[in-house]
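S.K.: Residue numbers (this note's numbering): 84 to 506. Virtual Cβ for every residue (Gly too), placed ideally from N, Cα, C. This is the structure I want to talk about, given as C-alpha cells.
See the structure below:
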C-alpha cells in the first residue's frame, strides 16, 4: 500500500481540508455555460454558484461581497500595506461535456493502479498513458463518477481562493496586501471578462487561478479566433430532388474533410503550434453551420489560419455554385505575453510565492485562453496560476488534493509577497 504523499508545506497541509470541502461542494452545482447565445450570462444557473459564493464571502468577513451588474462576484479583503492584488476564477464549466449531477469521488492515498470510474466502467484513468497521474502515487485524488466532467476547471481555482481568503481573514497578524476577489461567468465561451469593471475592481495586478500542473505560472496564452461558416443550400422533397437538391449538410461535411490531414489540428500539435478545429456542426439540407476555432501564439500565424478557413469555405461555392456561403470571424482574446513582459513584478511575485509554498516554480504557456488574456489587453497584467486540476473538459478530469492545497498556500504567500512591495 502506498504511503500518503506529503504536502508541500505545513501551510498547504493546514489548508487542505478546507480546500477539499469547498471543492466537493462547488462541483455539485451545475454551472454549465452555453455557446452562441445573446443572453448574459449564457445560462442563469451559473449564478446559483455566484450567489452561494457571495454568502460564503460574507460569512468569512468580506462585507462588501456583491454579485454586480456585470454578473461578476467582487469582494475585498483589506490588507496591511502594499499594492492591491486581484484573484480571479470562473464559475462556469464547458458546454462540451455535461456538468449536471456531478458526483465527485475521493480516492484517498491512491496506490498507482488504473482508476475505473464507478459510473461508467469504460472510463479508466490509466497511469501508463497519463504521466501526470503516474507522478502522483500516494496523493488523494478527486474524480467524477465518469458520467460527467468533474468541474475542476475552474472550481478548483474557486475553492483555493476561498480557502486562502478565509485563512487570511482568520490571521490578521500576517502581513498582506489588499486582496480583490472576482468570480466571473462565461469564461468557457470566451465572454468571462465581458462587462468586467476594471475601475471598480481597482487592482494593480491580478492572477487567474485557472491553470493546471503544480508550480506552473502561465505567462502566455493563445491568440484566438472563432470562425462561423454558414452554408445555404436548397431543400427539396427527396422524392423529387433529382437535379434540384443542394444539400448543405453534405457540403458542410466536405468542408470539414477539406481541412489539412495529419497537421494543424489539436490532436496533432503541441507547445506553441497552432491549429484550426471544427467544434460544432448543426443544420439541415437547407442550411448548415460549422463553427471553427483557430488558435496560435503568433498573431500572424493566426491570421494565416483564419485565411485558410476562409479559402476552404469559399471553395465550397466553387464546387457547388448554387450554394451560398457566409463567413463570420471574431477574435475573443490575444496572447497576453507582451503585457506580462512589460510588468515583470507580477511574475517575480508569483514565482517567489510559489517557492514559499514549498514548490519549485516553472514559467509555462497555455494552449488555451483565460480571462487574464482579455484583462491584460485592457491594462491589468494577469498571468495564470496552477490549480492542480488535470484532463480538463473531459469525464476523465481529476485533481490532486495535495496540489490544490499547494495552490491555496501559494495564494496566501502571494498576499505576503505583495505586501512587501510599495503600493
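Kindly confirm or deny that the region 134-148 and the region 181-197 touch, where touching means at least three C-beta pairs closer than 8 Å.
M.R.: Too few Cβ pairs lie closer than 8 Å, so no.
S.K.: If I measure Cβ to Cβ from residue 105 and keep anything under 7 Å in the same chain, skipping five residues before and after, which residues do I get?
M.R.: Only 242, 245, 246 meet the Cβ criterion.
S.K.: Please identify the residue among 90, 326, 274 whose C-alpha is closest to the C-alpha of residue 126.
M.R.: When each option's Cα is compared against that of residue 126, the closest is 274.
S.K.: Would you mind reading off the limits of the alpha helix (DSSP H) that contains residue 382?
M.R.: From DSSP, the alpha helix (DSSP H) with residue 382 extends over 382-402.
S.K.: How is residue 375 classed by DSSP in three states: helix, strand or coil?
M.R.: Reduced to three states, the DSSP call for residue 375 is strand.
S.K.: Here's the rule: buried if 16 or more other CB atoms are within 10 angstroms of the residue's CB, otherwise exposed. What is residue 339?
M.R.: Counting Cβ neighbours within 10 Å, residue 339 comes out exposed, since fewer than 16 surround it.
S.K.: Who does residue 303 pair with in a DSSP beta bridge?
M.R.: Residue 303 is bridged to 448.
S.K.: Could you pull out every unbroken alpha helix (DSSP H) segment of at least 4 residues lying fully inside the region 125-188, listed in chain order?
M.R.: Counting only runs of 4 or more, we get 129-143.
S.K.: Which two residues bound the contiguous beta strand (DSSP E) that contains residue 266?
M.R.: Here the beta strand (DSSP E) through residue 266 covers 261-267.
S.K.: Going by DSSP, which residues form a beta bridge with residue 308?
M.R.: DSSP, once it has assigned bridges, lists 377 as partnering residue 308.
S.K.: Output yes or no for whether 8 Å exceeds the beta carbon distance between residue 263 and residue 284.
M.R.: Contact flag set, yes.
S.K.: For residue 419, is the classification buried or exposed, using 16 other Cβ atoms within 10 angstroms of its Cβ as the cut-off for buried?
M.R.: Per the 10 Å Cβ criterion, buried.
S.K.: Using beta-carbon positions only, say whether residue 228 and residue 201 come within less than 8 Å of one another.
M.R.: Yes, the pair counts as a contact, with Cβ atoms nearer than the cut-off.
S.K.: From the DSSP secondary-structure annotation, give me the bridge partner or partners of residue 407.
M.R.: DSSP output for residue 407 lists 315 as bridge partner(s).
S.K.: Measuring CB atoms only, is the region 448-456 touching the region 289-302, in the sense that at least three cross pairs come out at less than 8 Å?
M.R.: Result yes; three or more Cβ-Cβ pairs closer than 8 Å.
S.K.: Below 8 Å on the Cβ atoms is my guess for residue 175 versus residue 268; work out the distance and round it to an integer in Å.
M.R.: The pair is a contact, with the Cβ atoms about 5 Å apart (cut-off 8 Å).
S.K.: At the level of alpha carbons, what is the spacing between residue 435 and residue 110?
M.R.: Whole-angstrom Cα-Cα distance: 30 Å.
S.K.: Residue 421 by DSSP, collapsed to three states: which one?
M.R.: Of the three classes helix, strand and coil, the one that applies to residue 421 here is helix, per DSSP.
S.K.: Rounded to the nearest angstrom, what separates residue 288 and residue 465 at their Cα positions?
M.R.: Whole-angstrom Cα-Cα distance: 6 Å.
S.K.: Which first and last residues belong to the alpha helix (DSSP H) in which residue 499 is found?
M.R.: Residue 499 -> alpha helix (DSSP H) spans 484-502.
S.K.: So what's residue 361 in DSSP terms, helix, strand or just coil?
M.R.: In this structure, residue 361 counts as strand in the three-state DSSP scheme.
S.K.: Please list, in chain order, all residues of the same chain as residue 203 whose beta carbon is under 8 Å from its beta carbon, the five residues on each side excluded.
M.R.: If we look at residue 203 and ignore the five residues flanking it on each side, its Cβ neighbours are 228, 229, 230, 478.
S.K.: Taking just the CA atoms, how far does residue 489 sit from residue 441?
M.R.: Rounded to whole angstroms, residue 441 to residue 489 spans 8 Å at the Cα level.
S.K.: Tell me residue 224's beta-bridge partners as DSSP assigns them.
M.R.: Residue 224 pairs with 190, 483.
S.K.: Going by alpha carbons, who is nearest to residue 417 out of 400, 458, 446, 151?
M.R.: Cα-wise, what sits closest to residue 417 is 458.
S.K.: Buried or exposed, going by whether 16 or more other CB atoms sit within 10 Å of the CB of residue 217?
M.R.: The residue is exposed, with fewer than 16 neighbouring Cβ atoms inside 10 Å.
S.K.: Quick one, which of 505, 170, 496, 506 has its alpha-carbon nearest residue 254's?
M.R.: Comparing Cα-Cα distances from residue 254 to each of 505, 170, 496, 506, the minimum goes to 496.
S.K.: Using 10 angstroms around the beta-carbon of residue 413, count the other beta-carbons present and answer buried if the total reaches 16, otherwise exposed.
M.R.: Exposed, because fewer than 16 other Cβ atoms sit within 10 Å of the Cβ of residue 413.
S.K.: If you drop the 5 nearest sequence neighbours on each side, which residues of the same chain put their C-beta closer than 7 Å to that of residue 153?
M.R.: Counting only Cβ-Cβ distances below 7 Å, and skipping sequence neighbours, we find 278, 279, 280.
S.K.: What's the gap between the Cα of residue 209 and the Cα of residue 198?
M.R.: Each residue's Cα considered, the two are about 7 Å apart.
S.K.: Touch check for the region 397-409 and the region 308-315: three-plus C-beta pairs under 8 Å?
M.R.: Touching, per the Cβ criterion.
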